[in-house]
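So the protein sequences, as listed, match chains A and B.
Numbered according to the numbering used here, the first sequence spans residues 4 to 137.
Numbered according to the numbering used here, the second sequence spans residues 3 to 271.
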Amino acid sequence: MYNGGKIIVGLIIFVALFTFPFYYNIGKVNAKPEPKIDTPAIQHLTPEDKHCVQPKSFMRGEHMQLLNQWRDSAVRDGNRVYDGMGGKKYYISLQNTCMKCHSNKKEFCDKCHNYMGVTPYCWSCHIAPKEKES
Amino acid sequence: MSMNRRQFIKLAGISTILGIGGVSAIDRVKGSAVEAAHEGVLESEFPNPLIAKRWAMVVDVSKFKTEEDYQKCIDACHSIHNVPCCGTKKDEVKWIWTDTYEHAFPTQENEYIPGGIKNKPFLLLCNHCDNPPCVRVCPTKATFKRKDGIVMMDQHRCIGCRFCMAACPFGARSFNWRDPRPFIKKQNLEYPTRTIGVVEKCTFCFERLVKGLQPACVEASKGALVFGDLSDPSSEVRKILSTRYSIRRKQELGTQPSVYYLIGGIENA
Numbered sequence: 004m005y006n007g008g009k010i011i012v013g014l015i016i017f018v019a020l021f022t023f024p025f026y027y028n029i030g031k032v033n034a035k036p037e038p039k040i041d042t043p044a045i046q047h048l049t050p051e052d053k054h055c056v057q058p059k060s061f062m063r064g065e066h067m068q069l070l071n072q073w074r075d076s077a078v079r080d081g082n083r084v085y086d087g088m089g090g091k092k093y094y095i096s097l098q099n100t101c102m103k104c105h106s107n108k109k110e111f112c113d114k115c116h117n118y119m120g121v122t123p124y125c126w127s128c129h130i131a132p133k134e135k136e137s
Numbered sequence: 003m004s005m006n007r008r009q010f011i012k013l014a015g016i017s018t019i020l021g022i023g024g025v026s027a028i029d030r031v032k033g034s035a036v037e038a039a040h041e042g043v044l045e046s047e048f049p050n051p052l053i054a055k056r057w058a059m060v061v062d063v064s065k066f067k068t069e070e071d072y073q074k075c076i077d078a079c080h081s082i083h084n085v086p087c088c089g090t091k092k093d094e095v096k097w098i099w100t101d102t103y104e105h106a107f108p109t110q111e112n113e114y115i116p117g118g119i120k121n122k123p124f125l126l127l128c129n130h131c132d133n134p135p136c137v138r139v140c141p142t143k144a145t146f147k148r149k150d151g152i153v154m155m156d157q158h159r160c161i162g163c164r165f166c167m168a169a170c171p172f173g174a175r176s177f178n179w180r181d182p183r184p185f186i187k188k189q190n191l192e193y194p195t196r197t198i199g200v201v202e203k204c205t206f207c208f209e210r211l212v213k214g215l216q217p218a219c220v221e222a223s224k225g226a227l228v229f230g231d232l233s234d235p236s237s238e239v240r241k242i243l244s245t246r247y248s249i250r251r252k253q254e255l256g257t258q259p260s261v262y263y264l265i266g267g268i269e270n271a
């Protein structure tokens, strides 16, 4: 093999560099995103009202489907009333219902979305609530 | 300079390594805007929505007397719907606007009509046609006709092909050639903006009807605009249309516009 030494050294350096992120993070706990729900609007709610339109587990897994249903219902069917958990009725609106409680987009939406590397395009049209730079 | 295979592979390898580092550096440089605190409130009221089989509007031209009468309708609409303004004519976005009789009713024009009508601005908006050509041409069904006759836009689906703009004979549609956000004077936080590359137009205030409110321009006009159900013989619009002569824009095209204009006689001059 011509230049065998150089090639092998090069390969070792390459493998070391390529796998560096794995070694670097070994043993470190990969912190789970913890979206915050401590906004003023949520804190003002009475304990029996302190829930989302559906149970937490459903919202965690299926909020994207729910938002799509809300979108189709509001825009295409003209229906703005959603029967939520426990027979409570909600006004279907991202800006005027979801974000009135979850006024902390950066600490709520973005926490998980950034972690998962997803960039939903909601906010290119819908106006996010104003919040302090954290 | 020629390059042999070995040099090419070296160069490609170095570029790849530089590239991997570069992406994360760019992400960090991207800044985010400073924003102020905002108090949240739950939407708890569900007033009775306004429901109809066929929404329509009557524009009583004689009740528009000064420049201000038009402007307050336009401002009411454009401010609550976050319509951008103050661009060049090419970039203009309009939901409701004015134009001359000659342009609004090009086939109903002659040289002897009273000057008071000929030189008067006419308030124009989407006609919410019964047979809307924009809906026929839309390839994604982003624009569609609701059961109550409103020709709606679903901004989520619009791909910005502008077929609807070519199809609409009334020029009621505007394209966002640029990001509209910097051109909105004061954002209404209750209503979305649009994004670059979508078409927008009047929606007969579908978001207000569902709350039991009249369209914003109707409310601001103080009686010069009347909004109601065309299918209901006892509705205000039907009463007006059965007693006063009205015209519609470009009726000969067969789109059946739902915006009626009361022209009246010489007393409008």
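Every residue gets a Cβ at the ideal spot worked out from N, C-alpha and C, and that includes glycine.
Ranked by how close their Cα comes to the Cα of A:CYS125, the residues B:HIS158, B:LYS91 and B:PRO134 have B:HIS158 in first place.
Just measuring C-alpha positions, the residue of A:LEU70, A:PRO38 and A:CYS55 sitting nearest A:TYR118 is A:PRO38.
Among the residues facing chain A, B:LYS149 is included, as its CB has a counterpart in that chain under 9 Å away. Excluding the 5 residues flanking it on each side, B:VAL261 has same chain C-beta neighbours closer than 6 Å at MET59 and ASN129, in chain order. Looking at the backbone, the Cα of B:ILE198 and that of B:GLY15 are separated by about 38 Å. By the criterion of a C-beta distance shorter than 8 Å, B:ASP234 is surrounded in its chain by ALA54, LYS55 and ARG240, once the five residues flanking it on both sides are discounted. Per DSSP, B:TYR262 is one residue of the beta strand (DSSP E) stretching across 261-264. In the displayed model, B:ALA58 falls within a strand according to three-state DSSP.
Measuring C-alpha to C-alpha distances from A:GLU134 to each of A:CYS115, A:LYS109 and A:CYS128 identifies A:LYS109 as the nearest.
For B:GLU192, the chain A residues whose Cβ falls inside 9 Å of its Cβ are SER96, GLN98, ASN99 and ILE130, in order along the chain.
Membership of B:MET155 in any alpha helix (DSSP H) is not indicated; the residue belongs instead to the beta strand (DSSP E) covering 153-155. Rounded to whole angstroms, B:GLY162 and B:GLU94 show a C-alpha spacing of 16 Å. Straight-line spacing of the CA atoms in B:LYS252 and B:LEU264 works out to 15 Å.
For B:GLU202, the three-state secondary structure derived from DSSP is strand. Ranked by how close their Cα comes to the Cα of A:GLY87, the residues A:ALA34, A:HIS54 and A:VAL12 have A:HIS54 in first place. Per the coordinates, the alpha-carbon of B:CYS207 lies some 58 Å from the alpha-carbon of A:TYR26.
Per DSSP, reduced to three states, the secondary structure at B:LEU127 is strand. Chain-ordered listing is empty here: chain B has no CB closer than 7 Å to the CB of A:GLY89, the nearest sitting near 15 Å.
When B:ASN6, B:SER176 and B:LEU211 are compared, the shortest CA-CA separation from B:LEU52 is found for B:LEU211. B:GLU111 and B:TYR103 have their C-alpha atoms spaced approximately 8 Å apart.
Annotation for A:LYS59: the continuous alpha helix (DSSP H) segment containing it runs 59-74.
Apart from sequence neighbours up to five positions away, the residues of its chain that approach A:VAL84 with a beta-carbon distance below 8 Å are LYS92, TYR93, TYR94 and ILE95, ordered along the chain.
Closest in C-alpha terms to B:VAL61, from the list B:MET155, B:THR245 and B:LEU227, comes B:LEU227.
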